[in-house]
Structure formats: structure tokens, C-alpha cells
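Visitor:
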Amino acid sequence: MNQLPQFSGSGTPLATVLPPFPHTQPPVDGPHHNLAVVLFALVVVMTLAITLWVGRRGQAAEDFYTGGRDFGSLQNGVALSGDYLSAASFLGVTGLIALYGYDGMLYSIGFLVAWLIVLMWVAELVRNTGRYTLADVLATRMRQRPVRAASGTASVVVTLLYLIAQMVGAGSLVALLLGTTGAAAKTWTIVAVGGLMIIYVTVGGMRATTWIQIVKAMMLMTGALALTVWVLVRFHFDLADLMRSAAHGSPAGDRYLEPGLLYGESTTSRLDFVSLGMALVLGTAGLPHILSRFYTVPTARAARRSVIWAIGLVGCFYLMTVVLGLGATALVGAKAVKTANPAGNTAVPLLALNLGGGEGSTGGTLFFALTSAIAFATILAVVAGLTLASSVSFAHDLYAQAFRSRNKPPVTERQEVVMARVSAVLIGGLAIVLSLYAQRLNVAFLVSLAFAVAASANLPTLVYNLFWRRFTTRGACWSTYGGLVPALVLVFFSPVVSGARTAMFPGVDFHWFPLENPGLVSIPLGFLFGWIGTVSGEEKADPDKFAELEVRSLTGAGAV
Amino acid sequence: LAQHEVTGSAGRTPRQGQEYDWWSVSGMAGSPDTDQQSSGFPGEPVHELMHDLIHEPIHEFMHEPDREFLQESVPEFLDESDHGPVHTARSDSQLAGQAGGHGGRSQRTGSTAFADADRSARSLRLPEDDDAASVIPGQRPSGTPGSPAGPLEEQDPVAAEVYREVQQSPAFQEIRRNHRRFVFPATAVFVCWYLFYVTVLAAAPGLMRTQLAGPFSVAWLLGLLQFASTFLITWLYARNARTKRDRAALGLRWDTQDQLR
């Protein structure tokens, strides 16, 4: 999952998954950092080569937005898993399992279960009715301008939040992996990652982005599989031995293997977990960069098959994270993992270092660097996917429709694609600037907020639109804004912004909302506002347009 | 009305030596999504016409000045007597009696139908066209007819009529029922099962700690069962869609598109 999972209910030990960089101590030092730099450079060269190679093929809107819709379902399935599994899954979730044992696995399960909603409710229907974006699906039966303005705004907000989180995370992570300290290194990392993602997207469009995702996902799966098998070999494929050794390596002892280590201390923290879980499970189906993947395949059936591939890959990956997390605690020890990074983000590289022969050995150096390079490739691929989704929403929904004066002639396809490229530069630039200012912020809250906004604003609108005959344009706008605004407002008055030690503004306290994740309240509000907006309006839904939507969504008639 | 005939039964003809991929817009086998299900629909007429007609300048008809001409000819599209050789028997019978019913609503006509016509021009690509397109993707018809920014706000009354008829047809109702009959209960089951899991972890720590085999406790069993149930539901859904919906949906798709010409 492209996200930095975090759970820090009051009193929980885990403040952040990607905390402010620990200036005092780089985790490990030595020659493996030099090798890592070389491998990072290789990753950059390889991704740029892919971009230049495939980016030249086709310049139409169809090519830029969807890669020509001629990817196979396996290719798209791998790319979907690449979009979903970020460095935070590889490093963050594994670190959580390493530090908190059983409770870390709850993240893995939540992220996987979320895909069932994508599979059954979203993938085929969206592929059949839309063309490039989520708003296309709404515009099939609603008035164009208002729904495109609402849905386009929500999509840009979600991707921007997510993008900032990934980039700030990338800054800390790359610094961590390269063993550098200081603000300058992080700043330059953010600028470099931002610059690269702008190049990928403007030059290569969806085709290059998809190929980068595919290559990255294959690297990630191969790396995770190799490490998993290696851990299992070390324990002679005796899982009970692995679990016992992990419990032994953790200061919590046997409690490490039981639920409750990370959450479950107070009612608030349990509610917070439920809220986060809701946002993760429901938000995945509303993430613009996941939705836009369904347009890269020719048919709804291919979209379904790509989700099935993605579920298989994501499921296997999360099963492997369990072994890797336990292995890190068993072999490296929870204490060493925590010393290197309080949130456990370096658990996997440290595990690789240990498996390869330990500090100073050639094997250890090599595997540490390889793991770090995979994590870096993951970061690059994920930010590219996000930037693309964001610029498509901006150009196709906001610029070409919602904000276009009625007096002007309609935007041509060519202008729209030019605008998409320009907006990739603008959004990328904005993300770089915001990330530089956001470096001090708690990264994880941005991600959980992005999921909460996606779940509160996009999912209710999408589900109502596809399944509720009486849903109107007014209802669509109400449910989008009615999910978006409460999510943002509740976070502003939550402990992540003020009133807690780890807050954005630790000095002041104006929080009154007890939970860190707004999902528990804002998702039901999104559904509620959609209903109120529909039943309170004068406007009646057009049964003919709903007939068209139903027929198109289930049969694919008239699909692009 | 060349394009009318072209779009008649969009690309259902396997060319000699080619296996047709029924599931792919881009048509022929060799497209990435080909699989075991590429057998034909029994009893569909074969149209040799298509190969020649595909080279007709379809897009000429999409230009603005031609729209009015085509717009007026829309009722003819729906008059069965006019397109005997191209229409399938099935779609003809479904269409019977609808031709006259489009006068009620006042909206602009034509655009949606043309959009579909152009899309089907894509779906009509024959193998040789397909190859060409994959070499030089920029030159394919890029599927953005008429308005590049998306569907128009006003619905074509003829199209509305067709969609409403299809929506009320037993074939479509069957597809929808098969979809919902699986999706709704399956969603209820997995959501409840997930909530049960999360709740029972917090509510019954003693039970969760019960060891089954060595350090492997009830909690771990339930966790692994979550993985297993996700895979299982995915498989069941795929099977349900494959056996109960895909074939009917594809048939209905072409029929609907036929009627929209």
C-alpha cells in the first residue's frame, strides 16, 4: 500500500511511522551506503530510460491518460500492485510487525481486504462507464460542470495530500537509507524525487508510468520473495521456531505474538483504529490513481482480471511481510530495529544486512544496498502514479470542463493534453514546495487523511451514482463536499494538529475531536449528505440516464 | 449509409485463420487479454461485408456538416426493413416496435450515437489494422469523437429509448440480478467477518491467546483465515462473473450497440 501506516492513539507507543529524522544517529554506517548510492543512480537511469523509450509512442490524449488502453490484464495487475505497495508497505508495515508483532499484521489484513470492494463494486463498472477519470463516471448521468468541479477537486486534494506524504517520507527514508543526516540532504532528496516524477509524467504519460510500476513491482516482489525464502531457510521452514525466536527477540516476550501490543489500551485508541481501518478499507476504492489504472486495459473483463492479479500479488506480498517482520525481530532484534529508526522503517534493510553476513561483510553490504534501491524505486514509481492521476483530473475535469467559460469554444483534445502536461509540472512543483514546508509534519496523518478523504468524498458518490436510481447532481455535489469538508475540518481540530506532543503545532491546543483519523465520522457524513442532498432538492433524477448508466456499466455497451 | 452497415454487428466475424477474442475491444486474438473463452456465439451471421467496409472513410461522417444529414436519417436506422442483411435476428426482434417512439423528448440528437459509431470503428479494427495501430499508436482513431471533453449533457432520445428498452429486457435484468445477487451478500459477509475479527481480538483476549500448535494461537488462525477468505471471495466472484455474466453481457453489449446505430 502506498501509505505510511500510523496509529498513535493516546498512550500508544508508536508516534509516527516516519518520524522526524533522527539527527543524532544514522542507523548504520559504512561502505554499503556508497554502494546504495550507485544502485540508486542505476534505478534513476533505468526509469528515465523507460520513460524516454516508451514515452515517444503516441501523443494523443488516449496515450497520455491511459497508455492507449492496450495493456494486458496481467501487466495492469502488476502495475496496480505497484501503485498500491509503496515503500511504506515494504518498510513501514514490516517495521510495524517487527516492533509490534501481531498488531502489525492487522495493517496487512486491512490493506488486503480493501481490494474486495475495488473488485466487486468499482473495477468493472468504472471501466465500462468512464473514460479517463472518476468524474467521467458521474458525468454519464449528472450535469457535467458541478459534478466535475466537485469530483475533480476531491481527486486533486486526495492525490496532493498523498503526494506530499510520499515525498516527505521519501526525504526521510532516502536520508535514512543513505546514512546522511541534516536538513540539506532531505531537501535535495525531495527536490530530486519531485523533479524525476515530473519528467516521468510529462514525457512518458501513462504508458511510461505503467511500465515503471511494472518494473518496480517486479523488483519489489522479487526482493521480498528472496528475503522471505532466506528467512525461512534460516529457520529450516519451521514457522513455530520463527515465531518463538521473534518473541524471544522482542522485549515484550510472549505478548509479542498476541493482539493488543500496539492498540487496545484505551477506548479512544480502539476507536481510532476502527476509524483508520474504515478509511483504509473504503478509501482504496476511491483513490484516483488506482481508479485511473482501470482505463489502461481494453475491457471491463480485463479490468476485473487485473484486480484479481493485483489481489493475488498484494496478498502474497503481505503474507511475506509477516515473515519478514518476524524474521527481523528474530534475527536482528526489536531493540536494534528500534534504535536504528523508532518506527522500524529500517527493519527490512537491517534484516538483509544480517542475512547477507552482517555489518562489514560483502554480502551484507550488497543486500542492504539492494533492499534500499528497491525501496527507492518504489518511492519513485508511486509518486509518478500520483502526479499523473492528479494532472489528469486537473486537465480533464477542472480545466476542460468545470472551469471553462461557456462562452469559449470547447477545449480541444490537443489543448487538454498540453494542459495535463503543464499541470503535472505545476502540481509537481506545488508538491515539492509544500513538502519542503511539511518536512516537520507528521507524515502519516497526511496519508491517513488522503484515505479518509477518498473514502468520504469519492466512494459514497461513486456507489450512489452506480446503484441509486434517484441520486441527483445535487446529491453528488453534496456527498463529495459533504465528505471532503468534514474530513479536513475534523483533522484540523484533532490531536494531530494541536494539543498533543506529536502535533503539528505542539504549543497550542484547540483540538476537540478526540480521534486522529476522521473516517469514522466523515465517511458516514459523506453518505448522509449525499442522501440529504438528493431528497431535499427539487431536481428529479432522469430515469433514462440511469438506464443508460446501468446498461453501460454492466454490459460495456458504448465503452471506450 | 455505409457506416450503418459497418457498425451492424461490430466485429463479430472471425477472419480466416484468426481466432476471435470475444472479450476485447481491440478484437482479434493476440490482444493481451485473450484466454480460453474465445469461442464464438452460435448462430451469428457472418458478414464478409466488413472487411471492405472498414476501409470506407467512416470519419468523414463525423464532421459537423454531416451531422444534420445523419440526424435526420436516424429513424431510418431503426427501421428494420432497411437493414436486413446486417442486423442479427436477435437484435431485430428486440428492436421491434421501438422505432417510432422517440419523438417525445426534445433534446439534441445524434451526438451520442456518433460517439458510439466512432468507438465501434475502433472496435472494428481488423488484425492488420491492429498491428499498424500498435506500431504507431498515435495514428489510430483515438476514440475521442465529437467532444473531446466527454459525453454531452443532453441525451440522445433515440439512445435513451434503446437504453431503457435494454434495461427492461429480461436479458439485462438477469445480468443485473446475477451481479447483485453475488455482490451484495458477499460484501455483507466479508464486512461482517472483518468486523467480527477486529472486535473479537479486542473483546476476547483470553480466547485469542489459546494455543493451537506451539505458538500458533487462535488469533493467528483468524488472521490467516482473513487472507484465505479474501482469496476465496475473489475466486468465487471471478467464477460467478465468468459463468453467469460475461457471455450474456457481451451479447447484450453488441446488441445494444447495434441498436444505437
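Chains as they are written, first to last, in my numbering: chain A, 206 to 765; chain B, 4 to 264.
Every residue gets a Cβ at the ideal spot worked out from N, C-alpha and C, and that includes glycine.
By the three-class DSSP mapping on this structure, what secondary structure does A/F676 have?
Guide: Numbered from 1 along the first sequence, position 471 holds the residue referred to as residue 676 of chain A. A/F676 falls in the coil class under three-state DSSP.
Visitor: Taking 7 angstroms as the cut-off, decide whether the C-beta atoms of A/M310 and A/A429 are in contact.
Guide: Taking the first sequence and counting its residues from 1, the one referred to as residue 310 of chain A is at position 105. Taking the first sequence and counting its residues from 1, the one referred to as residue 429 of chain A is at position 224. For A/M310 and A/A429, no; Cβs fall outside 7 angstroms.
Visitor: Would you say A/G530 lies against chain B (beta-carbon separation less than 7 angstroms)?
Guide: For this step, residue 530 of chain A is matched to residue 325 along the first sequence. No, because no Cβ of chain B sits closer than 7 angstroms to the Cβ of A/G530.
Visitor: Distance check for A/W258 and B/R183, CA to CA, integer angstroms please.
Guide: For the purposes of this step, residue 183 of chain B is taken as residue 180 along the second sequence, with counting starting at 1. For the purposes of this step, residue 258 of chain A is taken as residue 53 along the first sequence, with counting starting at 1. Rounded to the nearest angstrom, the two C-alpha atoms are 44 angstroms apart.
Visitor: Check each residue of the region 732-749 of chain A: if its Cβ is closer than 8 angstroms to any Cβ of chain B, include it; give the result in chain order.
Guide: For the region 732-749 of chain A, which is checked against every Cβ of chain B, the residues closer than 8 angstroms are D747, P748, D749.
Visitor: Please confirm if B/A174 has its CB atom under 7 angstroms from at least one CB of chain A.
Guide: Position 171 of the second sequence, counting from 1, holds the residue named residue 174 of chain B. No, B/A174 does not count as interfacial toward chain A.
Visitor: Nearest to A/L536 by CA position, among A/F608, A/A452, A/A490, A/T739, is which residue?
Guide: The count along the first sequence starts at 1 and reaches residue 536 of chain A at position 331. Ranking A/F608, A/A452, A/A490, A/T739 by Cα distance to A/L536 puts A/A452 first.
Visitor: Anyone know if the C-beta pair for A/S703 and A/F710 falls short of 7 angstroms?
Guide: The count along the first sequence starts at 1 and reaches residue 703 of chain A at position 498. The count along the first sequence starts at 1 and reaches residue 710 of chain A at position 505. In contact: A/S703 and A/F710 (Cβ atoms closer than 7 angstroms).
Visitor: Can a CB atom of chain B be found closer than 7 angstroms to the CB of A/A445?
Guide: Position 240 of the first sequence, counting from 1, holds the residue named residue 445 of chain A. Cβ-Cβ to chain B under 7 angstroms: yes for A/A445.
Visitor: Is the Cβ of A/I302 closer than 7 angstroms to any Cβ of chain B?
Guide: Here the question's residue 302 of chain A lines up with position 97 in the first sequence. It does not: the Cβ of A/I302 has no partner Cβ on chain B nearer than 7 angstroms.
Visitor: For A/I737, I'd like the list of residues in its chain whose CB is within less than 7 angstroms of its CB, leaving aside the five on either flank, ordered along the chain.
Guide: Residue 737 of chain A sits at position 532 when you count from the first residue of the first sequence. The residues are W683.
Visitor: Output yes or no for whether 7 angstroms exceeds the beta carbon distance between A/H494 and A/L591.
Guide: Residue 494 of chain A sits at position 289 when you count from the first residue of the first sequence. Residue 591 of chain A sits at position 386 when you count from the first residue of the first sequence. Yes, they are a contact pair.
Visitor: Cα-Cα, which of A/F751, A/P719, A/M424, A/I255 is closest to A/S471?
Guide: If you number the first sequence from 1, residue 471 of chain A lands on position 266. The option with the nearest alpha carbon to A/S471 is A/P719.
Visitor: Check the Cβ-Cβ distances between A/I513 and every residue of chain B, and say whether any is below 7 angstroms.
Guide: Locating residue 513 of chain A in the first sequence gives position 308, where the first residue counts as 1. Judged by the 7 angstroms Cβ criterion, A/I513 is in contact with chain B.
Visitor: Taking contact to mean at least 3 C-beta pairs separated by less than 8 angstroms, is the region 337-352 of chain A in contact with the region 542-552 of chain A?
Guide: no
Visitor: Is DSSP giving B/A216 helix, strand or coil here?
Guide: In the second sequence, the residue the question calls residue 216 of chain B occupies position 213. Strand at B/A216.
Visitor: Is the separation between the beta-carbon of A/F499 and that of A/A508 shorter than 7 angstroms?
Guide: For this step, residue 499 of chain A is matched to residue 294 along the first sequence. For this step, residue 508 of chain A is matched to residue 303 along the first sequence. Yes, the pair counts as a contact, with Cβ atoms nearer than the cut-off.
Visitor: To the nearest whole angstrom, what separates the beta carbons of A/P729 and A/R674, a pair I think is in contact under 8 angstroms?
Guide: Stepping through the first sequence from its first residue, residue 729 of chain A is reached at position 524. Stepping through the first sequence from its first residue, residue 674 of chain A is reached at position 469. With a Cβ gap of about 22 angstroms, A/P729 and A/R674 do not count as contacting.
Visitor: To the nearest angstrom, how far is the alpha carbon of A/G520 from that of A/L324?
Guide: As a position in the first sequence, residue 520 of chain A is number 315, starting the count at 1. As a position in the first sequence, residue 324 of chain A is number 119, starting the count at 1. Their Cα atoms are separated by approximately 14 angstroms.
Visitor: Report the three-state DSSP secondary structure of A/S455 (helix, strand or coil).
Guide: The residue given as residue 455 of chain A occupies position 250 in the first sequence. Coil at A/S455, not helix or strand.
Visitor: If you measure between the beta carbons of B/V221 and B/L228, is that distance less than 7 angstroms?
Guide: For the purposes of this step, residue 221 of chain B is taken as the residue at position 218 of the second sequence. For the purposes of this step, residue 228 of chain B is taken as the residue at position 225 of the second sequence. The answer is no: Cβ separation not under 7 angstroms.
Visitor: Should A/P748 be listed as close to the ligand GDP, given that the test is whether its C-beta is under 6 angstroms from any heavy atom?
Guide: Summarising the ligand content, the structure contains no ligands, and the ligand GDP is consequently not present.
Visitor: Curious, which full-length alpha helix (DSSP H) runs of at least 4 residues does the region 231-272 of chain A contain?
Guide: 236-260, 266-271
Visitor: Please name the residues in the region 462-476 of chain A whose beta-carbon is closer than 7 angstroms to at least one beta-carbon of chain B, in chain order.
Guide: L462, E463, P464, G465, G469, R475
Visitor: Between the region 267-283 of chain A and the region 511-519 of chain A, can you find at least three pairs of beta-carbon atoms closer than 8 angstroms?
Guide: Yes: the two stretches touch, three or more of their Cβ pairs being nearer than 8 angstroms.
Visitor: Rounding to the nearest angstrom, what Cα-Cα distance links A/F269 and A/K540 in this structure?
Guide: Position 64 of the first sequence holds residue 269 of chain A. Position 335 of the first sequence holds residue 540 of chain A. One C-alpha to the other measures close to 48 angstroms.
Visitor: For B/G226, tell me which candidate among B/R167, B/T259, B/E168, B/L198 has the shortest Cα-Cα distance.
Guide: For this step, residue 226 of chain B is matched to residue 223 along the second sequence. The candidate whose alpha carbon is nearest that of B/G226 is B/L198.
Visitor: Below 8 angstroms on the Cβ atoms is my guess for A/A370 versus A/T489; work out the distance and round it to an integer in Å.
Guide: Taking the first sequence and counting its residues from 1, the one referred to as residue 370 of chain A is at position 165. Taking the first sequence and counting its residues from 1, the one referred to as residue 489 of chain A is at position 284. A/A370 to A/T489, Cβ: 15 angstroms. No contact.
Visitor: At a Cβ threshold of 7 angstroms, is A/A762 touching chain B?
Guide: Residue mapping note: residue 762 of chain A aligns to position 557 of the first sequence, counting from 1. Contact of A/A762 with chain B is assigned, a C-beta pair being separated by under 7 angstroms.
Visitor: Please list the residues of the region 221-241 of chain B that have a C-beta atom closer than 9 angstroms to any C-beta atom in chain A, keeping them in chain order.
Guide: Correct list: A222, W223, G226, L227, Q229, F230, S232, T233, F234, I236, T237, W238, Y240, A241.
Visitor: Does B/V186 come within less than 7 angstroms of chain A when only Cβ atoms are used?
Guide: Position 183 of the second sequence holds residue 186 of chain B. For B/V186, the answer is yes, since a Cβ of chain A falls inside 7 angstroms of its Cβ.
Visitor: Might you give, ordered along the chain, the residues of its own chain that have their beta carbon closer than 8 angstroms to the beta carbon of A/L466, omitting 5 neighbours on each side?
Guide: Within the first sequence, residue 466 of chain A is the residue found at index 261, counting from 1. Once the five neighbours on either side are set aside, the close Cβ partners of A/L466 are Y305, G306, Y307, D308, A457, R460.
Visitor: Quick one: which chain B residues come within Cβ less than 7 angstroms of A/A533?
Guide: Residue 533 of chain A sits at position 328 when you count from the first residue of the first sequence. Chain B residues near A/A533: none, gap ~17 angstroms exceeds 7 angstroms.
Visitor: Hey, is A/S215's beta-carbon within less than 7 angstroms of any beta-carbon in chain B?
Guide: Here residue 215 of chain A is taken as the residue at index 10 of the first sequence, counted from 1. With a pLDDT of 32 at A/S215, under the threshold of 50, the modelled position of that residue is not reliable, and the figure given next carries that caveat. Answer no: the Cβ-Cβ gap between A/S215 and chain B never drops below 7 angstroms.
Visitor: What are the uninterrupted segments assigned as alpha helix (DSSP H) that are 4 or more residues long and contained completely in the region 164-215 of chain B, given in chain order?
Guide: 173-206, 208-212
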